[in-house]
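In order, the protein sequence lines correspond to chains X and D. Mapping of the first sequence onto numbering that gives the first Met the number 0: position 59 corresponds to residue 58, and the numbering continues sequentially without gaps. Mapping of the second sequence onto numbering that gives the first Met the number 0: position 317 corresponds to residue 316, and the numbering continues sequentially without gaps. For glycine and all other residues, C-beta sits at the position ideal for the given N, C-alpha and C. Keep in mind the model is a prediction, meaning the values are calculated, not measured. Structure, as structure tokens:
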Amino acid sequence: MSVNSYTVQAVFFYIFAALIVGSALLVVLLRNIVRSAFALFFTLFGVAGIYILLGADFVGVTQVLIYIGGVLILIVFGVMLTHNVYSVDIFNKLGTLVMGTVSAIVTFTMIYYAIKPVSWLYIGYKANAPTTGPIGRELMTSYLLPFELASVLLVLAMIGAAYLIRSEVKVKKAAGNGGPPGERPADGIRKEN
Amino acid sequence: MTELINRILSGMSPTMPLTRLLITILIMVVSAAIVLAVSLLYEGFATYAERKVAGDIQARIGPNRVGPYGLLQFVADGVKLLLKEDIIPFYADRWLFIIAPYIVFTVSFAAFVPLSYSDHVSIANLNVGVLYMIAISSVVSMAILMGAWGSNNKWSLFGGMRAVAQIVSYEIPIVLSLLAAIIIPASLSMRDIIAYQSGGLGIFRWLVFNNPFTLIAFFVYFIAAIAEVNRTPFDIPEAESEIVAGYHTEYTGMRFAFFFMAEYGDMFVVSAIAATLFLGGWQIPFIGGIPMPVWLREVLQVGVFFTKVFLLIYVMMWIRWTLPRLRVDQLMELCWKYLTPIALFNLIGASVWVLLLHDRGVYDIIARVFTR
Chain X
0 MSVNSYTVQA
10 VFFYIFAALI
20 VGSALLVVLL
30 RNIVRSAFAL
40 FFTLFGVAGI
50 YILLGADFVG
60 VTQVLIYIGG
70 VLILIVFGVM
80 LTHNVYSVDI
90 FNKLGTLVMG
100 TVSAIVTFTM
110 IYYAIKPVSW
120 LYIGYKANAP
130 TTGPIGRELM
140 TSYLLPFELA
150 SVLLVLAMIG
160 AAYLIRSEVK
170 VKKAAGNGGP
180 PGERPADGIR
190 KEN
Chain D
0 MTELINRILS
10 GMSPTMPLTR
20 LLITILIMVV
30 SAAIVLAVSL
40 LYEGFATYAE
50 RKVAGDIQAR
60 IGPNRVGPYG
70 LLQFVADGVK
80 LLLKEDIIPF
90 YADRWLFIIA
100 PYIVFTVSFA
110 AFVPLSYSDH
120 VSIANLNVGV
130 LYMIAISSVV
140 SMAILMGAWG
150 SNNKWSLFGG
160 MRAVAQIVSY
170 EIPIVLSLLA
180 AIIIPASLSM
190 RDIIAYQSGG
200 LGIFRWLVFN
210 NPFTLIAFFV
220 YFIAAIAEVN
230 RTPFDIPEAE
240 SEIVAGYHTE
250 YTGMRFAFFF
260 MAEYGDMFVV
270 SAIAATLFLG
280 GWQIPFIGGI
290 PMPVWLREVL
300 QVGVFFTKVF
310 LLIYVMMWIR
320 WTLPRLRVDQ
330 LMELCWKYLT
340 PIALFNLIGA
350 SVWVLLLHDR
360 GVYDIIARVF
370 TR
């Protein structure tokens, strides 16, 4: 314990770890799913803290930007727009409890055996080493294909989402239109423009 | 700040880890307290300035009762808000309702951290400074949603939904226009970006004058930034003629004050980003090349930085009291049909410029022609 930064790092690690584990438990155990969704906020924030503690400042900030600013907002919107949020029975029957326990044990075992063979060594505190440049260079050279594939996938998902929304609107308009059948397409086109 | 901690710790024996840890934490807490005090003072005077500017524009006098020229009005307001009853609606979701204002305020305060106030004055010079600012400001939408849902009030929820839709949408033109400026110094650190803009009499190497695309990017950024901080003409999340007061309808006393102060804090932050990335930050115009003592230079730099930021804030207030509010659909149309395409093509143009001319701006090219 003679290295100063090591001690500081350890203290902050346990603070963040407690935040992650505590809020993750809240996410699972709270009966109110809106509160569960909001508790996820603290979990994701704690993970960002761990990344920054490891010197991966770019990854940590991206975690906040993507997961809190994007994914979590989406989840919260999804939960809030659920019909009768407060009366949804989120605690399932015994069968899913057994399945959940089994899958939890399997996941934990997989992670354990993935981590175990790695020989961990302390490389010192490198918070000030810039990581953005190397990450960008690697993405544009060695990992260009996965990067492009991921962006194509995202574009596909976006087009799919837009298509689903558009088609739903069309169905509703057609159903709500009480006029003669011949006028429907023209009416639909005019409304869309 | 890290330099300061290292300098103090290097004078101590390395055998006392606990003392060193405590001193590190103490320095961090003190520096955070200084930023908090300065930002609160700024927020106080900003509310006063807002009312005075409004008074000027509407041919009124504005606050003039408390203290000379009404300068102490914000102290009186603060005391009043502290003494108000703290009302929590009976059917509110108590936890979310209570936590939300703290998160909003903490986040807007956390955005002050990576700012570079002068050559040596900054809390933390992050390598990912600009990205950090964008990320941390996206957390605000989360907290607003929390308060809006927790209030259990339809106007609050409408306001919260509008706020989130607006913030999420306007982040896109903001990031695209900032990128057009960032690719020239090729750094995300606030200090490096400002240091890059030195020379040219402290004015002509500002990134806003670097090439035509950064000039456009500056205006796109500033318009989108006003929307990002929910100010008129983009204040539909709290449009008082439509949804009472939006997401903070149910908040009273100090909890309301947290939302209110966070708005002014956000104004400072977006103006500081504009000043840093486009307007040369703390680069002293005209007399920057003259040799002068370090302390004088630092003081001047802090003064120059704050002057630029306050001028931008003044423009925001000016716009607020001049223009009417947009409708929801107009707001989304402005973002998706105008600002985003402009910012996108602008970014492509800026990239081509950098590809062809590297980081040489218009000023560098003209200067080279004349020195030949």
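Return the chain-ordered list of same chain residues with a C-beta closer than 8 Å to the C-beta of residue i, the five sequence neighbours on each side being excluded.
i, result
"X/Arg34", "Leu25"
"X/Leu29", "Ser35, Ala38"
"D/Ile341", "Pro172, Ile215, Val219"
"D/Val327", "Arg161, Ile235"
"D/Ile364", "Leu356"
"D/Phe77", "According to the sequence as given, residue 77 of chain D is Gly; it is not Phe. If we look at D/Gly77 and ignore the five residues flanking it on each side, its Cβ neighbours are Gly43, Ala256."
"D/Gly384", "With chain D covering only 0 through 371, there is no way to say anything about residue 384 of chain D."
With a threshold of 16 other CB atoms inside 10 Å of the CB of residue i, please say whether the residue is buried or exposed.
i, result
"D/Gln57", "exposed"
"D/Ser240", "exposed"
"D/Phe89", "exposed"
"X/Ser118", "exposed"
"D/Ala45", "buried"
"X/Ala103", "exposed"
"D/Val308", "buried"
"D/Gln329", "exposed"
"X/Arg136", "exposed"
"D/Thr231", "buried"
"X/Pro184", "Reliability fails at X/Pro184, whose pLDDT of 47 lies under 50, so the model's placement of it is uncertain and the value that follows must be treated cautiously. Exposed: under 16 other Cβ atoms inside 10 Å."
"X/Tyr142", "exposed"
"X/Val154", "exposed"
"D/Ile86", "exposed"
"D/Asn63", "exposed"
"X/Thr108", "exposed"
"D/Val351", "exposed"
"X/Ile114", "exposed"
"X/Ser150", "exposed"
"D/Val382", "Limits of chain D in this structure are 0 at one end and 371 at the other, which puts residue 382 of chain D out of reach."
"X/Ile258", "Lying before the first or after the last residue shown, residue 258 of chain X is absent from chain X, which here runs from 0 to 192."
"D/Phe433", "The requested residue 433 of chain D does not occur in the structure, where chain D is confined to residues 0 to 371."
"D/Thr370", "exposed"
"X/Arg165", "exposed"
"D/Arg254", "buried"
"D/Ile33", "exposed"
What residues in its chain sit with their C-beta under 7 Å from that of residue i, if we drop five residues either side in the sequence?
i, result
"D/Leu311", "Ser270, Ala273, Ala274"
"D/Val187", "Correcting the residue identity first, residue 187 of chain D is Leu in this sequence and not Val. Cβ within range, chain order: Asn126, Val127, Gly128, Val129, Leu130, Ile181."
"D/Glu49", "Met316"
"X/Ile158", "none"
"D/Gly54", "Ile60, Gly61"
"D/Val374", "This structure gives no information on residue 374 of chain D, because the portion of chain D shown stretches from 0 to 371."
"D/Ala142", "Ala99, Ile102, Val103, Val106"
"D/Met331", "Ser168"
"D/Tyr41", "Phe267"
"D/Ala393", "The structure shown does not extend to residue 393 of chain D, since chain D is modelled only from 0 to 371, so the question has no answer here."
"X/Phe41", "Leu18, Ser22"
"D/Tyr263", "Glu42, Ala45, Thr46"
"D/Glu84", "Thr251, Gly252"
"X/Ala16", "none"
"D/Glu297", "Ser117, Asp118, His119, Val120"
"D/Ala109", "Ile135"
Does residue i come within less than 9 Å of chain B when only Cβ atoms are used?
i, result
"X/Thr140", "Here the protein chains are X and D, and chain B is not one of them."
Which one or two residues does DSSP pair with residue i in a beta bridge?
i, result
"X/Ser35", "Paired residues: none, contrary to the question."
"D/Ser121", "D/Ser115"
Does the ligand MN have a heavy atom nearer than 8 Å to the CB of residue i?
i, result
"D/Gly198", "Within the structure as shown, the ligand MN is missing, as the structure has no ligands at all."
Ignore the nearest five residues each way along the sequence and tell me which others in residue i's own chain have a CB closer than 6 Å to its CB.
i, result
"X/Ile51", "Gly59"
"X/Ile74", "Ala36"
"X/Ala47", "Gly59, Gln62, Val63"
"D/Asn209", "Ile183, Gly360"
"D/Val303", "Trp281, Ile283"
| For the 8 Å Cβ check, are there 3 or more pairs between the segment 285-300 of chain D and the segment 254-262 of chain D? | no
| said: Under 8 Å, with one C-beta from each stretch per pair, do the segment 230-248 of chain D and the segment 162-173 of chain D reach the 3-pair mark? | reply: yes
| query | Which runs of the alpha helix (DSSP H) spanning at least 4 residues fall entirely within the segment 253-319 of chain D, listed in chain order? | reply | 293-319
| task | Say whether the segment 359-371 of chain D touches the segment 205-219 of chain D, bearing in mind that this needs 3 or more beta-carbon pairs closer than 8 Å, one atom from each stretch. | result | yes
| Touch check for the segment 185-200 of chain D and the segment 105-119 of chain D: three-plus C-beta pairs under 8 Å? | Because the criterion of three Cβ pairs below 8 Å is met, the segment 185-200 of chain D and the segment 105-119 of chain D touch.
| task | Could you tell me which uninterrupted beta strand (DSSP E) segments, each at least 3 residues in length, are contained entirely in the segment 141-205 of chain D, listed from first to last along the chain? | result | none
| said: At 4 residues or longer, what runs of the alpha helix (DSSP H) sit wholly inside the segment 53-117 of chain D? | reply: 72-82, 93-109
| In chain order, which alpha helix (DSSP H) runs of at least 4 residues are fully inside the segment 312-361 of chain D? | 327-332, 339-356
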